[in-house]
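Q:
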Amino acid sequence: MMGSEALNTIANATPAAASGHHPNAMLLPTRLIVGVDGTSCTPDGPHGRHFSNISNVYRICASAKEGMSVDSDNRWFVQKKKYFPGIGSDEKMHPLSRLTANISGKDCVIQISEVYEYCCIQMFSGHPENEIWFYGFSRGAYVVRAVAGLLHHLRALISAGTPAFKSDFVGGLRRYKDLRRRSSQGAGQIHEYLAEKTRPAPIIRFIGVFDTVKAVNDHSLYDISFNDSIQHFRQALALNEDRKDFSPECLFPELNRALPYERSLVQAWFLGAHLDIGGSAAKDGLSLYPLQWMLLESTAKGLELHFDGTFGGRAPIDDPITVVFPQDDADGKGKDMWSCAADNGVGVDIQDLRKVHELPKYGKRYSIHLNRDNAIFWIRNSRQVFALSGELRGYCSFASQGTILHPSIYMILDTFPHMLMDSDTFTREDWQNIYHWKTHILALEWQCEFWDDRQTTKFEQPGSIRILVCGNTGVGKSSLINAVFGAEVTTATDRTRGSHNVEDALTNPNRPDLLIHDSGGFEAGGTKDLETIEKFVKERSNHIEIYDRLHVIWFCLDLGTVRTRQTATIELFETVSRVAKDVPIVVVATKKDVFLNEQAGKKWRELKKSGGSPAEVEVSAIIDEYAEDQSRDRMLLMESELLSIEDGRFDEIVGVHKGDPESLQALSDATRRCFDDDKLRISFIAAQTISMDMKVDKAILDALQIYKRTVTRAMLSDHGADLVTSHSSPKSSLAAEVCAAVVASFGLPTISASTVEHIICSKLWKATNAGPTSSSLAIADAVSKAFLTTLSVFDPCSAPAIVINAVQTNTKLFLALVCDVILILVKAFKESAGRCVGQPLQIDINKAAFWYRGISEQVHKKLNEVIPTRMYMSMYMHRSLRTGPIRQKLLEVIAGFRITILEGETQIVSLGIDDNEGSSQSNNGEDRNTECEGLSYS
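This is how it looks when you write it as structure tokens:
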């Protein structure tokens, strides 16, 4: 079932069963829908988290119709449904017992028995057409697959629902092992047991699971394979999950045979971590795509949907069917259902949900956010999605079955570029494989995506980022701000007791992009001070204007001082957690260097006392390892204590010290990941100065948005040279667009993009003739027009290759422009750092542009590897629009030349530049109507 047909089936699900003759329900077969949620999951998600979002398993249960139902084959059933919360979700469980259950999954065995018995009881009628539909998430997915294995091998126990069930089930498990060995030994006893204790099991019509995770201590007792009793199997998998203990249980069909028509097996990878696939996170947008896919696959196999409703508003949950299949503008309807297929025939439908993510009536519940579990104690190991050869594991080239990458991956990466930055666990090879696999999706080969609206993106100067820094006096708040943002906004006099007011932002005259609010010291735990903080946070969290709001809270704790459980600290943390609403909280364990030194000294004294004399290198390694272990243990303790506080919450926890750029960059990365609003994310990236990688990556992502839109228009226009024409406004050049995008990412609050453009134009391109010259663009334009005057639409199959060469030439010029601007700004930041100034001034950009002349030719030659000189037309059409590989190449090129910049001299003397030229303010370049060679100025 594809496209509009699938959507019509869902939209008309309820009246379908109401039409025609209704048979006697007593004579109808039963369709039992069983959902088992993930570890600690209730309908509202993991225990203790109530974010007004429900889990995907419960969404499916709530969406399945209950009662008489008819499927697309006009078969009648009585649909029943049952939801089981996940193991470890009982609120009466002791926290230690819950933690043990969560880690080991030991309670899975008990739940398997419970679910199996329930299925046997419900199917007691023995109707030959009875069928079960299983849905599960995480270990709940493992449970339903294990139950399916029991029903296949053991059939249904007759004693279900009686006291005899327990002993019969234990006896059955003993024979279950023999059955799975497929040995003739003991066959008579097995035959006797099955004949006496069991009856035929119902048909297992459909299994739909979200990211199956196996019980750790299972010892492979249960069969979770695609056994012969299962007709259809679907699994959604998490591409971004990297916890070793959460390795997924995938199914790979035999590669030498196709499944019969009446059976099917498809697994699809989706963007997101484990919780993003199972649903119920506070920002749950990513979970909508696996949910939509699972509902479409289910209805295609006959499941009838009808939302239970909210019971008169008593249970105000969102209607899952309306959320993932919006029917009108009020519900966020975008474009119509869109279909594509892998080249092996596996079809995929997608309903446009882009408006749903931003719909005011949902608040931020469905915004796009990567919900990775960043707890310190997890061992990390990225999932092996691709084989060493680069092929997708489990993909079947010869039949409509196996594993695919869901096309929503590419839609999300194109529409929400911050997901590219957040997916930092992917290697270069991973990205190459992901974008290469796009060629397997037939409808995507020529970029026919429904999300490719070719809309113009306006890159504005980022607004100010507003941070509340909480913590005791002396915890290192001022040092932290200075280190991350490269600017002094706090001094000793600012924090004189009695003169501090949290509502007054601490600023720097040269940094209008930075607003810091300090909670002040809370050692005394004054009630009045706490009320002031609460009032401030509450008001700032609810401002209508985004830049007037509080954007993030850094809650600072001294790693070396056991103060977490102090009354004042607890009260402050409780307050900000409770009233901050959507404001992210990052716990910052400061003075990590002091703690490490103390622990190293302690270990050194222990080694001296032991009397041994190991080599100096060995001693150093032992001491460092011990100190890091103690630091990790202390942060684990801090993490658990904060989470034990009532209503306590935080998004990330990071250990830092001001002399360690790596830890400060970790803090910047953690803070960036917390933002779900692009404006705030851009503002933070621009304001921080500790991570140049972050600025460069964001600049490339934004520039490639311009690139893809421009190349697409050039190919669909009357002549390929349209690449060089700006489409944002008739008076804007492509160079101006790129400069605006890059400057917005780097953050130059006192310098405009037009000033940067003028400097690079006059100091580099005009002087060296190395940039996008007007002559080269004019030739490309003339040649293109000469060959295409008779074509109203660009036809890649008939247009001459010289047109593609023209577009190729201009593509290289575009990428050269991007690299030039980025590397010059990198050099300018290096210049300003040498003078201990956080953000570069105009004089720094002047000097950087002059210095860059010496390497610009090398940079441009290196770029030839990104866009090959000779290429078949069809291949160019396809490859030029694959921005993922281009992004990787640009990152490599820029990374290589950044080394040259960092190793070069900080100050350049005798440049022949008038230093006074750099002292002017940002508006000096605003209104210039300059004719810079080759930049299409108007």
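Counting from 1, position 772 in the sequence shown corresponds to residue 772 in full-length UniProt numbering; the numbering is continuous, with no gaps. For every residue, glycine included, the Cβ atom is placed at its ideal position computed from N, Cα and C. Since the model is a prediction, treat every value here as computed from it, not as a measurement.
1) Rounded to whole angstroms, what is the Cα-Cα separation between Lys197 and Gly171?
2) Decide if the region 60 to 67 is in contact with the region 291 to 303; the criterion is three or more beta carbon pairs, one per stretch, under 8 Å apart.
3) Determine the closest residue to His153 out of Gly520, Lys166, Val821 and Leu221, with distance taken between C-alpha atoms.
4) Determine the closest residue to Phe426 out of Val552, Leu265, Leu239 and Ala505, with distance taken between C-alpha atoms.
5) Quick check on the DSSP output: the beta strand (DSSP E) that includes Phe233 runs from which residue to which?
6) If I measure Cβ to Cβ from Asn482 and keep anything under 6 Å in the same chain, skipping five residues before and after, which residues do I get?
7) Between Thr42 and Ser89, is the Cβ-Cβ spacing less than 8 Å?
8) With distance defined between alpha-carbon atoms, name the residue in Arg673, Leu902 and Asn864 nearest to Ala828.
9) Around the C-beta of Arg380, are 16 or more other C-beta atoms found within 10 angstroms, so that it is buried, or is it exposed?
10) Cα separation between Glu503 and Thr322?
11) For the alpha helix (DSSP H) that contains Gly345, what are its first and last residues?
12) Would Val711 and Thr590 be called neighbours here (beta carbons separated by less than 8 Å)?
13) Taking only beta-carbon atoms, is Met638 less than 8 Å away from chain C?
14) Just mark Tyr261 as buried or exposed, buried being the case when its beta carbon has 16 or more other beta carbons within 10 Å.
15) Would you decide whether Gly35 is buried or exposed? Buried here means 16 or more other CB atoms lie within 10 Å of its CB.
16) Would you check if the region 266 to 273 and the region 299 to 315 touch, i.e. whether three or more CB-CB distances between them fall below 8 Å?
17) By the three-class DSSP mapping on this structure, what secondary structure does Thr590 have?
18) Which term fits residue 980, buried or exposed, when burial requires 16 or more other beta carbons within 10 angstroms of its beta carbon?
19) Compute the Euclidean distance between the alpha carbons of Asp228 and Pro253, then round it to the nearest angstrom.
20) Verify whether the separation of the beta carbon atoms of Ile706 and Ile845 is less than 8 Å.
21) Quick one: residues in its chain with C-beta nearer than 7 Å to the C-beta of Leu359, no 5 flanking neighbours on either side, listed in chain order?
22) Between the C-alpha atoms of Arg145 and Leu251, what's the straight-line distance to the nearest angstrom?
23) Going by DSSP, what residues sit across from Ser264 in a beta bridge?
24) In whole angstroms, give me the CA-to-CA distance for Asp318 and Arg365.
25) According to DSSP, is Lys80 helix, strand or coil?
26) Below 8 Å, how does it come out for the region 636 to 652 and the region 567 to 577: are there three or more Cβ pairs, yes or no?
27) Using the Cα positions of Val619 and Glu628, report the straight-line distance between them to the nearest angstrom.
28) If you draw a straight line from the alpha carbon of Arg354 to that of Asp624, how long is it in whole angstroms?
29) Please classify Asn597: does DSSP put it in a helix, a strand, or coil?
30) What separation, rounded to the nearest whole angstrom, lies between the Cα atoms of Val143 and Val115?
31) In chain order, what are the residue ranges of uninterrupted alpha helix (DSSP H) at least 4 long that sit wholly in the region 150 to 226?
32) Give me the DSSP bridge partner(s) of Trp604.
33) Specify whether the region 394 to 410 and the region 856 to 864 touch according to this definition: at least 3 beta carbon pairs, one from each stretch, less than 8 Å apart.
34) Can you name the residues that DSSP bridges to Phe426?
35) Report yes if the C-beta distance between Ala160 and Glu117 is below 8 Å; otherwise report no.
36) Is it true that the CB of Leu468 sits closer than 8 Å to the CB of Leu530?
A: Answer, in terms of the structure:
1) 10 Å
2) yes
3) Leu221
4) Leu239
5) Ile230 to Ala238
6) Glu488
7) yes
8) Leu902
9) exposed
10) 42 Å
11) First-last for Gly345: undefined, no H or E at that position.
12) no
13) Absent from the structure: chain C. Only one protein chain is present.
14) exposed
15) buried
16) no
17) strand
18) Lying before the first or after the last residue shown, residue 980 is absent from the chain, which here runs from 1 to 938.
19) 12 Å
20) no
21) Gly332
22) 11 Å
23) His232
24) 10 Å
25) strand
26) yes
27) 14 Å
28) 48 Å
29) helix
30) 8 Å
31) 165 to 181 and 187 to 197
32) Answer is none; Trp604 lacks a bridge partner.
33) no
34) DSSP output for Phe426 lists no bridge partner at all.
35) yes
36) no
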